[in-house]
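The block underneath contains the structure these notes are about, expressed in structure tokens.
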Amino acid sequence: MSAYLNGQFLPLAEAKISALDRGFVFGDGIYELVPVYSKKPFRLDEHLRRLQGSLDGIRLDNPHGMAEWRDLILRLIELQDFADQSLYIQVTRGTPIQGQPPRDHAFPRGVPPTVFMFSQPLATAPPEQKAAGVCAVTAADNRWLRCNIKAISLLPNILLRQQAVDADCAETVMLRDGFLTEGAASNIFVVKDGVLLAPPPSSLMLAGITYDVVLELADTLGIPRQVRAISEAEVRAADELWMTSSTKEIMAIVKLDGAPVGAGVPGPLAQRMDALYQTFKHQVMRA
Ligand code: PDD
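The sequence shown: position 91 = 90 (numbering that gives the first Met the number 0), numbered continuously.
Below, the structure written as structure tokens:
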């Protein structure tokens with residue numbers, strides 16, 4: 000597996016950074032995850048725009064222009080000997096230099112950011128899992144108030160996701176002040192009476208690239224949809240509940256906190272949307 004670190008392509012096992020890197024010491028950095036199908040990155044411009052938004056959010060200058068990023072990413076994709084990839088990009092505030100305190104909360108001056116990328120085989124959900132759906136649990140969203148930044152400091156998300164793992168489930172659906180925010184590592188959609196409902200992008204959630212694709216597909220196909228605040232009661236009374244992300248794509252949640260969602264099997268709209276998503280993906284890849 001090949002990686003990229005600060006200007007160099009190298010085997011992943013050889014990518015090494017200082018223990019004083021601010022990503023390691025403070026979790027001071029941001030990331031992106033780009034799905035790659037048949038060696039073609041999916042919605043790369045959108046991912047790079049979100050990367051820029053995250054960098055702006057933490058006041059870190061973008062070390063590369065769009066064209067430069069694209070070139071580095073395409074080169075990294077080509078170096079892998081597998082076609083479908085999950086490409087991880089991380090940018091941190093770098094490592095303090097000689098004469099600077101090794102650890103100081105304040106931004107270090109004149110330090111280049113650390114840019115790290117690697118790619119691993121993309122593990123999308125197996126068809127059996129898609130057909131069966133998954134279970135989820137709910138939890139209070141106790142993260143910070145800037146969840147629109149794709150920060151590498153993921154401790155709250157990890158602890159929340161582990162609650163699902165401990166319950167043998169796939170995801171934790173988060174609620175803040177009685178309203179749906181998102182999943183620990185996904186966006187959540189609700190279907191009620193044939194209408195697709197999605198929470199509005201805000202600083203309380205990460206607007207997923209998959210989330211945008213799903214809404215676009217709904218519009219293209221005339222599936223009624225509303226982007227609005229969704230109450231906990233609506234989540235619990237949903238006909239269908241979906242989780243979406245670059246790696247999970249569209250996955251039906253069929254059980255929530257032990258109670259069946261709707262009929263307790265993947266609903267007709269989830270199946271339709273997943274089929275549309277697969278077709279769209281392949282069309283884009285062929286273009
Ligand atoms: N996470 N919300 C959160 C908190 C996420 O971590 C993710 C994705 C999403 C969905 O975003 P997208 O559709 O752009 O993948 C929403 C990635 C997959 C991860 O952390 O591995």
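Backbone N, C-alpha and C define an ideal beta-carbon position, used for all residues, glycine too.
{"Check": "Within 9 Å of any Cβ in chain C, is that where the Cβ of residue 129 sits?", "Outcome": "In summary, chain C is missing from the structure at hand, where a single protein chain is found."}
{"Check": "Which runs of the beta strand (DSSP E), 3 residues or longer, sit entirely within the segment 123-176?", "Outcome": "133-139, 170-175"}
{"Check": "How about residue 197: is its Cβ closer than 8 Å to a heavy atom in the ligand PDD?", "Outcome": "no"}
{"Check": "In its own chain, which residues sit with a C-beta less than 7 Å from the C-beta of residue 24, not counting the 5 before and 5 after it?", "Outcome": "102"}
{"Check": "Where residue 264 and residue 107 are concerned, what is the direct C-alpha to C-alpha distance, given to the nearest angstrom?", "Outcome": "52 Å"}
{"Check": "When the Cα atoms are used, what is the spatial distance from residue 173 to residue 139?", "Outcome": "6 Å"}
{"Check": "Starting from the Cα of residue 98, find the closest Cα among 110, 87, 89 and give me that residue.", "Outcome": "110"}
{"Check": "Closer than 8 Å is the cut-off here; do at least three beta carbon pairs connect the segment 202-211 with the segment 182-190?", "Outcome": "yes"}
{"Check": "Quick one: what's got a C-beta closer than 8 Å to residue 175's C-beta in the same chain, skipping five residues either side?", "Outcome": "139, 140, 203"}
{"Check": "Would you list the residues sitting across from residue 7 in a DSSP beta bridge?", "Outcome": "4"}
{"Check": "Taking C-alpha atoms, which residue in 127, 122, 136, 7 lies nearest to residue 84?", "Outcome": "122"}
{"Check": "DSSP has residue 31 in a bridge; who is on the other side?", "Outcome": "88"}
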